[in-house]
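Heads up: the sequence lines are chains L and C, in that order.
Position 202 of the first sequence, counting from 1, maps to 202 under my numbering, and the rest follow consecutively.
Remember, my numbering sits 263 above the position in the second sequence when you count from 1.
Here's the structure we're looking at; comments come further down.
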Amino acid sequence: MSGVGVLVCVKRVPDSSSEVVLTEDGQGVDGRYAGFTMSPHEECAVELAVQVTAANGGEATVLSLGDADAVEQLRSALAVGCTAATLVVTEPQTFGPADVAKEIAAVVRDHEAQGRSHDLVLLGNDAADSGDFQVGIRLAYELGRPVVNGASVLTVEDGPDGPLVVARSEGPDGVETYRVPLPAVVTIREGGVEPRYPSVPGRMKAKKVAVEERTPAAEPQGPKRVRLLLPPPVPSSVQLLGKGAAAAPAVVDVLEELGVLSR
Amino acid sequence: MILVLVEPDLDGHALEVSLEALTFARNLSAAGGGVPVDAVVVGEVSDELGKELAAYGVRTVHRVNGDGVASFSGAGWASAILTVREAAKSVVVMAAGTDRGNELMAHVAARAGVAMAANVLSFSGLSPFVVTRQVVGGAALEEMKLDERPAVFTLAGHAVAASPAEAPGPADVVTHTPEIAAVDLVARVVSVEEQDAEATGDLTKARVVVGAGRGAGGPDGFKDLLELTELLGASLGVSRVVTSAGWRPHHEQVGQTGSRISPDLYIPCGISGAIQHWAGCSSAKHILAINTDAEAPMVTRATYAVIGDLHEVVPAINAEIRRRRG
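Written as structure tokens, this is what we have:
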């Protein structure tokens with residue numbers, strides 16, 4: 001195989017380990033206090049992009065649509081083995097899932113016109129913040145490509161008529177296998193691969209890569225968002241059963257009351 | 264007409280979340296002047312499933328079969344659902360927010376050129392149709408306008424309790440065998456391997472789940488917790504910290520990027536309750552938290568709590584259970 005051009009799409013999202021704070025206009029999550037990260041599914045997508053290019057040759061490009069700070073997430077992907085990066089610089093809250101799919105498709109087409117093919121486009125199954133569950137699927141329709149959704153492992157193999165992506169995902173009846181000719185789109189779910197940690201030389205190298213910056217190709221239609229809100233706080237009504245080992249009899253009383261001891 | 268995708272389980276019964284989706288559709292119908300609720304099922308519809316759907320107020324069950332839908336493909340199945348939608352003139356197409364439900368509704372929306380709202384909890388208006396859905400793993404909500412037709416969305420698990428219709432009628436079963444275009448079958452499932460019993464573990468269906476987080480301390484910190492699961496006939500669920508560290512396999516993960524559980528009792532041990540984890544366990548009926556930190560979100564949100572180190576508390580609970588059982 002003469003190499004596989006992989007494009008992996010990542011999103012800068014607020015870290016989900018602490019409390020959610022909304023922006024004043026109610027249009028987004030304010031991540032200034034919690035800090036930002038990459039969606040967990042996408043960390044695995046980056047890992048798979050790096051594995052595919054390591055096994056088959058080719059270039060792994062990382063793409064994000066976000067504000068200037070999203071370059072931080074691009075650098076983390078570059079530090080673990082992606083070799084090129086593109087940032088569509090814009091205010092991401094004003095883009096709906098269909099708009100994002102159109103922008104990714106525009107990048108794929110422009111790069112292809114420049115002779116850089118993205119045979120395999122990887123995305124996360126759903127973003128940790130907006131949870132739309134649809135950008136990858138909409139992208140596939142924009143590009144006229146097949147799409148596998150929610151794969152946790154994949155490889156690229158030679159098929160009778162050219163390269164194939166072999167992807168596996170957990171379905172309702174067991175592990176499902178897809179064999180799909182490239183070019184294709186695959187969305188990734190966490191759980192099949194362990195994202196690697198960046199090495200020091202990896203981080204140094206990542207700093208030197210020039211990030212391609214673009215402006216959006218089209219005016220976004222916008223999300224159908226009216227506003228974000230926080231669920232009403234539920235007052236704590238916790239019943240303390242005690243401290244340490246001494247609480248065991250009280251715990252087992254509760255287990256009996258709830259009927260979970262009788263088996 | 265409201266069209267609801269119903270997913271059968273391996274025994275041919277409707278998934279509980281599909282019954283919840285039918286219940287939600289009936290509420291929506293009642294608010295909208297009583298438009299009928301139809302179900303679409305890909306594959307076989309047993310007599311029992313037919314009766315179950317009738318009991319939930321379904322007017323017509325649209326059964327889709329044929330070679331084109333024999334194995335799963337997102338695009339192929341969505342094209343079949345849209346064929347039914349055309350025939351039945353649905354203004355709403357919806358599903359439960361399962362992996363399949365979200366995938367298929369995304370295809371349906373992309374093909375129809377309309378928006379899709381994932382994990383809806385409620386609706387607040389009909390013209391325009393406004394829904395409230397879960398974002399950030401349920402830690403925040405989004406009000407979203409679905410002003411196009413069909414309105415396409417999925418329903419979050421346990422947004423409503425499944426309840427049969429008060430005055431059900433008989434449901435007709437209509438079979439559709441749509442032609443599926445070859446291009447929609449390129450990405451289809453070519454084989455399915457059944458999972459081993461341990462890997463499935465039925466975490467999502469377990470009545471009791473014992474949870475373990477960072478407090479387990481390491482890969483060897485699960486002995487007492489596993490004994491407690493044994494004693495209670497429970498399943499083990501862990502936080503993302505635990506799977507990321509490689510202490511336990513990913514299929515045991517409860518959370519936004521793992522399984523979503525809804526047991527009668529959840530016993531999280533040494534889990535602080537970050538959003539990522541809460542997203543997967545907030546549907547538990549009762550929570551009994553064991554944690555060293557009395558201020559941890561998991562403790563303040565719990566029904567019951569013990570403040571202490573799980574390595575002291577859990578062995579004492581195990582001993583007490585064994586003592587009472589003699």
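Yeah, the Cβ is synthetic: ideal placement off N, Cα and C, and Gly gets one too.
Collapsing the DSSP output to three states places C:Ala565 in coil. Contact between the stretch 389 to 403 of chain C and the stretch 115 to 132 of chain L is present: three or more C-beta pairs spanning the two stretches fall below 8 Å. Under the 7 Å criterion on CB atoms, C:Leu404 is classed as interfacial with respect to chain L. CA-CA distance, L:Pro146 to C:Thr361, rounds to 21 Å. Around the beta carbon of C:Leu466, a 10 Å sphere encloses 16 or more other beta carbons of the protein chains shown; the residue is thus reported as buried. Within the same chain, Ser39 and Ala127 come within 6 Å of L:Lys11 by CB-CB distance, once the 5 residues on both sides are set aside. Setting aside the 5 residues that flank it on each side, L:Val252 is surrounded in the same chain by Leu261, each with a C-beta closer than 8 Å to its C-beta; the list follows chain order. Around C:Ser498, the same chain offers Gly464, Asp465, Leu466, Ala469, Val472 and Thr492 as residues with beta carbons nearer than 7 Å, after the five sequence neighbours per side are excluded. Here DSSP, grouped into helix, strand and coil, assigns C:Arg470 to coil. With contacts defined by Cβ atoms closer than 7 Å, L:Leu240 and C:Ala568 form a contacting pair. At least 7 Å separates the beta-carbon of C:Phe335 from that of C:Leu418. Contact note: C:Phe416 does not reach chain L at a C-beta cutoff of 7 Å; the least C-beta distance is about 11 Å. If you draw a straight line from the Cα of L:Leu120 to the Cα of L:Ser16, it comes to about 29 Å. For C:His325, the enclosing beta strand (DSSP E) stretches over residues Thr323 to Val327.
DSSP, reduced to helix, strand and coil, places L:Glu103 within a helical segment of the structure shown. About 7 Å separates the beta carbons of C:Ser502 and C:Gly518, which is inside the 8 Å limit, making them a contact pair. Out of C:Trp541, C:Leu266, C:His574 and C:Ala434, the CA that lies nearest to the CA of C:Ser292 is found in C:Leu266.
Between the beta-carbon of L:Ile188 and that of L:Leu48 there is about 6 Å, and that keeps the pair under the 8 Å contact cut. Restricting attention to C:Gly478, C:Asp435 and C:Arg564, the CA atom closest to the CA of L:Pro233 is found in C:Arg564. By the beta-carbon neighbour count (other beta carbons within 10 angstroms, threshold 16), C:Leu273 is exposed. Counting along the chain, C:Ser454 sits inside the beta strand (DSSP E) bounded by residues Val452 to Glu456. L:Gln134 belongs to the set of residues whose beta carbon lies under 7 Å from a beta carbon in chain C. Less than 7 Å divides the Cβ of L:Gly150 from the Cβ of L:Ser169. Not a single CB atom of chain L sits nearer than 7 Å to the CB of C:Ser546. Closest in C-alpha terms to C:Ser525, from the list C:Gly420, C:Val577, C:Gly339 and C:Asn365, comes C:Gly420.
With 16 or more other Cβ atoms from the protein chains shown falling within 10 Å of its own Cβ, C:Glu583 counts as buried. Contact annotation for C:His370 against chain L: Ile137 [CB-CB distance below 7 Å, chain order]. Every unbroken stretch of the beta strand (DSSP E) spanning 3 or more residues and falling wholly within the stretch 349 to 437 of chain C is given here in chain order: 355 to 359, 379 to 389, 392 to 398, 403 to 408 and 414 to 418.
For the stretch 218 to 235 of chain L, the beta-carbon criterion of a distance under 8 Å to any beta-carbon of chain C is satisfied by Pro223, Lys224, Arg225, Val226, Arg227, Leu228, Leu229, Leu230, Pro231 and Val234.
The beta carbon of L:Tyr33 does not come within 7 Å of any beta carbon belonging to chain C, so the residue lies off that interface. Rounded to the nearest whole angstrom, the C-alpha separation of C:Leu489 and C:Asp572 is 16 Å.
In this chain, L:Glu219 is not harboured by any alpha helix (DSSP H), its DSSP state being neither H nor E. Against chain L, the beta carbon of C:Asp527 has neighbours under 9 Å at Leu258, Gly259 and Val260, listed in chain order. Straight across, the Cα-Cα distance linking C:Phe392 with C:Glu405 is about 14 Å.
Judged by beta-carbon spacing, C:Ala318 lies within the 7 Å limit of C:Pro427, meaning their Cβ atoms are closer than that value. DSSP, read as helix, strand or coil, puts L:Leu87 in strand.
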